[in-house]
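Numbering (the UniProt record's numbering), first residue to last: 1 to 150.
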């Protein structure tokens with residue numbers, strides 16, 4: 001039997017635990033010992049060697065697949081109905097917000113238009129001035145100027 005140490009609420013102090021396979025839990029159970037003592041060997045042999053498990057396993061896998069399919073369909077139905085109810089109840093809110101937001105957005109764009117035009121004209125004027133300064137500098141230093149006739 002494995003000794004357990006006293007631990008606090010987060011489990012500090014336990015230390016590393018030895019990995020115990022699941023078969024050890026099955027063997028420790030009393031019904032396994034009872035089964036080994038009271039069931040005839042021929043039954044145990046039939047249990048371990050007969051081919052009854054494979055069809056049963058296939059049946060259970062099929063049942064599991066059907067249950068998962070039903071679960072997926074139920075989830076899709078729940079999500080669809082919840083989503084449609086939510087959208088139908090939110091539609092008046094969206095319509096009211098849009099009727100108030102659309103004028104506000106248009107007003108914002110229209111009020112920003114003079115600023116945008118001023119910024120564009122300033123950038124155009126600034127780039128023109130830089131080009132003129134560059135032209136004047138190249139004209140005053142003939143060694144840096146390129147001969148355009150060549």
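C-beta atoms are modelled at their ideal positions from N, C-alpha and C, and glycine is treated no differently.
Ends of the alpha helix (DSSP H) at residue i?
i	result
residue 89	53–140
residue 50	Segment: none, residue 50 is in no alpha helix (DSSP H) and carries neither H nor E.
Whose C-beta lies closer than 8 Å to the C-beta of residue i among residues of the same chain, with five residues either side of it excluded?
i	result
residue 33	none
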